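*Asks:* Mind having a look at this structure? Questions to follow.
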Amino acid sequence: MQDKLDTILSDYLNARRGERFGKSSSIWRVIEAWKDELVSSDLVRNHPEIRTEFSIGKGNWAGVPWLALMDGRLTDSIRHGVYCVYLFREDMSGVYLTLMQGVTDLIKQHRRPEAHRMLRDNARSIRDVCTGLGRQGFSLDEGIDLRASTALGRDYEPSAIAYKLYEMGRVPDDRELRSDLQTMLTAYDGYASTVQRDHTTPRLRDAESQKAKINGGDDRLAILVREFHADALRAGLRLSTPLALRVVASLLSKRFLILTGLSGSGKTKVAQSFARWITSDDNSADQACHAIIPVGADWTGTENVLGYPDGLDRTSYVTTPILRLIQHSLEHVSSPHFLILDEMNLSHVERYFADLLSAIESEESIPLYSAIHDQEGGKILRRGVPESLELPRNLFVVGTVNVDETTYMFSPKVLDRANVIEFKVELDDLESFLTDPTAPLMAELDGKGSSFGALFVASALEAQTVLEAGRQEQFAREMRLFFGILRQHGAEFGYRVIHESARFLHFYNALDDAGGSERFDSAFDAVIVQKLLPKLHGSRSKLEGLLWALAWACGAPREARDGLSFEEQTAEVGRSQDETKFGPEVVWSGLASRNTLEPSAAATYPLSFDKVIRMWRRLVRDQFVSFAEA
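Just so you know, we're using our numbering here: the sequence shown kicks off at 224 and counts up by one.
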């Protein structure tokens, strides 16, 4: 796509001056090839309502050529309705990707000044509900400048709702162009799903509903979790709604997820089920959109992950299933891809996974080999594999972890970069399974949720995530509380944890229908147990005071006591030596008085308190504990 935009910007004016207008012109062929490329791409195929059309003029060269993508629910012509369009400046100094309104029919019905006023007013109304595009780098104002000398060219400007400019000589690469178009089409699809087709300008209906759909498709995200959970149950997978919610929110907030817990508790099945449910391999007979890769105990370098150059053939490169999955995901950027690393800690993760871990954080390319040069100085690339590789942002990595004498512990720097979800088998789960001990039918999940694939990727790509004002204050207060507790014992967290925790809360909020204060508590409970606790490990002398303070923060009543605020209480608990007054079992006893059968359920943060009390009891018994072993 980049090469075609560069060609049009550099050659259009010369063609306009020196070539005969028509289908035989070089520019016509370039734009037609560009249109064909878009139509055949998964970006457009994932939106079946979209029709693509272009114009470089009618009988003569246009001053402002364009290529439009129109949703049939909103319009059947660029003369009216709302559509996405690439608009070229008349002087070819740049091209805009724009969400705009049709102008021709409106100008025919009204005088031009009145039509311009109506277009601007309607553009402002639509901008109010599509601020999500603004967070993705699009401008939401009246600053578009087509450098137009004709009335028709100038008519386009007041109709623009959102736009992004690609200047001549600075057109980004295909990856960024496709990402921008995907963002625009996702917003356009959300808008189209809530607006009736109108042959003048689209009228707004429920502004709040539209805002939710356009700003990341929040309504459809909530449907995503409900449908995945329902389909999983029908396929025989034992999966609770809260666990499904945490898994999906974790993947959206950070594309690296670790599933730990009892062997045989369903970790790999849950990862596999979601991957098979949300991806479709209809157009990828040669390569699936997900892969389960068993990690070997002999993985001591990156060769098993990224392959290696063939030492006997300087034109060949030995690939791996992981490398082929990465390459496939780069070719299908709007489709989610899943790399499931089974038994991820059978080898030292830092040895074989360091390059991918770094690329997830830095978004820099991973060098694969250094190309040699031929006699003329040209590079000799190894077949099918570039010198370096970008880790695609539509690739989600899930690692499953068991803990026994054959495995290795994760280092804190690995755990800091992931969400960690623990799997347990409760007595109720066991009783349910004993009544029907059958394996899930995974084939019944294949592609059932593939219509959500593009939305899932676009949501995960959101650069900025915003919490509601009240929730932002609550989030900040709780983060300060737990930062203080952890810092008191030399285990504080950094900016990354805060950022990723805020993203998790944002997506948890979008995915969950419940609402209210309970939703914040359950979301922050997940943050504690997934982001703050997993790095904890050590001896009793190191962790005793910290676990006491965490048990108090997660389970004790949030009220002043002995003239101390709750924050001051947690600090005192962390310093105290009086187990009969401040120990975790004291908090447990208080909760048991409110819920005899399941005391942890009465805590402010039930998941976290349950984990802390288990770690404490393991610490008392063994004098050492880690998150994964408790």
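Here a beta-carbon is modelled for each residue, glycine too, at the ideal position from N, C-alpha and C. Model, not experiment: these values are computed from the prediction.
1) So within the region 287-354, which uninterrupted beta strand (DSSP E) runs reach at least 3 residues, ignoring any that extend past its ends?
2) Under 6 Å Cβ to Cβ from Val680, same chain only, skipping five residues before and after it: list those, please.
3) I need the straight-line Cα distance from Leu356 to Glu399, nearest angstrom please.
4) Determine the closest residue to Thr275 out of Gly282, Gly786, Gln332, Glu255, with distance taken between C-alpha atoms.
5) What residues are listed by DSSP as bridge partners for Asn625?
6) Taking Cβ to Cβ, would you say Tyr731 is nearer than 8 Å to Cys777?
7) Ends of the beta strand (DSSP E) at Arg274?
8) According to DSSP, what are the bridge partners of Pro590?
9) Which of helix, strand or coil does DSSP assign to Ala641?
10) Give me whichever residues DSSP pairs with His560 in a beta bridge.
11) Return the CA-CA distance between Asp265 and Leu447, expressed in angstroms with no decimal places.
12) Provide the residue(s) that pair with Leu482 in DSSP beta bridges, ordered along the chain.
13) Whole alpha helix (DSSP H) runs in the region 646-714 with 4 or more residues, listed along the chain?
14) Considering only residues of the region 725-790, which uninterrupted beta strand (DSSP E) runs meet the minimum length of 3 residues and lie entirely inside it, listed in chain order?
15) Buried or exposed for Leu324, please, with buried defined as at least 16 other CB atoms from any protein chain shown within 10 angstroms of its CB.
16) Does Tyr718 pass the burial test, meaning 16 or more other C-beta atoms within 10 Å, or should it be called exposed?
17) Here's a check: name, in chain order, each residue in its chain whose Cβ is nearer than 7 Å to the Cβ of Leu228, leaving out the five neighbours to either side.
18) Is the number of C-beta pairs between the region 477-491 and the region 642-652 that are closer than 8 Å three or more?
19) Are three or more beta carbon pairs between the region 524-539 and the region 566-586 nearer than 8 Å?
20) Less than 8 Å separating the beta-carbons of Val750 and Ser788?
21) By DSSP, does His722 sit in helix, in strand, or in coil?
22) Per the DSSP calculation, Glu808 is bridged to which residue(s)?
23) Could you give the DSSP three-state label for Glu802: helix, strand or coil?
24) How far does the beta strand (DSSP E) with Glu390 in it reach, from first residue to last?
25) Span of the beta strand (DSSP E) holding Phe847?
26) Pick helix, strand or coil for Ser362, following the three-state DSSP scheme.
27) Assign Ala853 to one of three DSSP states: helix, strand, or coil.
28) Residues in the same chain with beta-carbon distance under 8 Å from Gln753, minus the five sequence neighbours each way, listed in chain order, please.
29) At the level of alpha carbons, what is the spacing between Ala615 and Leu546?
30) What is the rounded straight-line gap between the Cα of Glu782 and the Cα of Leu704?
31) I need the boundaries of the alpha helix (DSSP H) containing His513, first residue and last residue.
32) Could you tell me which residues DSSP puts in a beta bridge with Tyr531?
33) Three-state secondary structure (DSSP) at Asp521?
34) Who are the Cβ neighbours of Ile250 in its own chain at under 7 Å, not counting the five residues just before and after it?
35) Per the DSSP calculation, Asp565 is bridged to which residue(s)?
36) Is the region 369-378 touching the region 404-414 in the sense that three or more CB pairs, one from each, lie closer than 8 Å?
*Replies:* On the basis of the supplied data:
1) 289-294, 305-311, 317-324
2) Start at 1 with the first residue of the sequence shown, and residue 680 comes out as number 457. These residues qualify, in order along the chain: Ser557, Pro559, Asn617.
3) By one-based count along the sequence shown, residue 356 stands at place 133. By one-based count along the sequence shown, residue 399 stands at place 176. Cα-Cα distance, rounded: 15 Å.
4) By 1-based counting over the sequence shown, the position of residue 275 is 52. Checked all of Gly282, Gly786, Gln332, Glu255; the closest Cα to Thr275 is Glu255.
5) By 1-based counting over the sequence shown, the position of residue 625 is 402. For Asn625, which the question treats as bridged, DSSP gives no partner whatsoever.
6) Against the sequence shown, residue 731 aligns to sequence position 508. Against the sequence shown, residue 777 aligns to sequence position 554. Cβ distance not < 8 Å, so Tyr731 and Cys777 don't count as in contact.
7) For the purposes of this step, residue 274 is taken as residue 51 along the sequence shown, with counting starting at 1. First-last of the beta strand (DSSP E) with Arg274: 273-278.
8) Along the sequence shown, read from residue 1 onward, the residue named residue 590 stands at position 367. Answer by DSSP bridge pairing, in chain order: Ser611.
9) By 1-based counting over the sequence shown, the position of residue 641 is 418. Residue state, collapsed to three classes: coil.
10) Counting from 1 along the sequence shown, the entry for residue 560 is found at position 337. Leu618, per the DSSP bridge assignment.
11) Within the sequence shown, numbered from 1, the residue matching residue 265 stands at position 42. Within the sequence shown, numbered from 1, the residue matching residue 447 stands at position 224. So the alpha carbons of these two residues sit roughly 20 Å apart.
12) Taking the sequence shown and counting its residues from 1, one reaches residue 482 at position 259. Note: Leu482 sits in a beta bridge opposite Thr623, Ile644.
13) 650-658, 676-683, 692-711
14) 760-762
15) The residue you call residue 324 lines up with position 101 of the sequence shown. It is Gln, not Leu, that sits at residue 324 in the sequence shown. Burial call: buried.
16) Taking the first residue of the sequence shown as position 1, residue 718 is located at position 495. Exposed, by the Cβ-count rule.
17) Numbered from its first residue, the sequence shown carries residue 228 at position 5. Once the five neighbours on either side are set aside, the close Cβ partners of Leu228 are Val318, Tyr389, Val394.
18) yes
19) yes
20) For the purposes of this step, residue 750 is taken as the residue at position 527 of the sequence shown. For the purposes of this step, residue 788 is taken as the residue at position 565 of the sequence shown. For Val750 and Ser788, no; Cβs fall outside 8 Å.
21) On the sequence shown, residue 722 is found 499 positions in, with the first residue counted as 1. Three-state result, His722: helix.
22) Working through the sequence shown from its first residue, we reach residue 808 at position 585. Paired residues: none, contrary to the question.
23) Here the question's residue 802 lines up with position 579 in the sequence shown. Helix at Glu802.
24) One-based indexing of the sequence shown puts residue 390 at position 167. Looking at the DSSP string, the run of the beta strand (DSSP E) that includes Glu390 is 383-390.
25) Here the question's residue 847 lines up with position 624 in the sequence shown. Note, Phe847: beta strand (DSSP E), 847-849.
26) Within the sequence shown, the letter at position 139 stands for residue 362. Three-state DSSP puts Ser362 in a strand.
27) Walking along the sequence shown from the start, residue 853 turns up at place 630. Note: Ala853 maps to coil in three-state DSSP.
28) The residue you call residue 753 lines up with position 530 of the sequence shown. Excluding residues within five positions, the ones whose Cβ falls inside 8 Å are Arg469, Ser473, Asn642, Val643, Ile644, Phe727.
29) Your numbering for residue 615 matches position 392 in the sequence shown. Your numbering for residue 546 matches position 323 in the sequence shown. Note on residue identity: the sequence assigns Pro, not Ala, to residue 615. Approximately 11 Å, taken between the alpha carbons.
30) If you number the sequence shown from 1, residue 782 lands on position 559. If you number the sequence shown from 1, residue 704 lands on position 481. For Glu782 and Leu704, the distance between alpha carbons rounds to 14 Å.
31) Translated into positions along the sequence shown, residue 513 becomes position 290. Looking at the DSSP string, His513 is not in any alpha helix (DSSP H); the run it does join, the beta strand (DSSP E), is 513-517.
32) By one-based count along the sequence shown, residue 531 stands at place 308. Answer by DSSP bridge pairing, in chain order: Val541.
33) Position 298 of the sequence shown holds residue 521. Correct three-state label for Asp521: coil.
34) Within the sequence shown, numbered from 1, the residue matching residue 250 stands at position 27. Ile231, Asp234, Tyr235, Ala238, Ile279, listed in sequence order.
35) As a working note, residue 565 is residue 342 in the sequence shown. Paired residue(s): Pro517.
36) no
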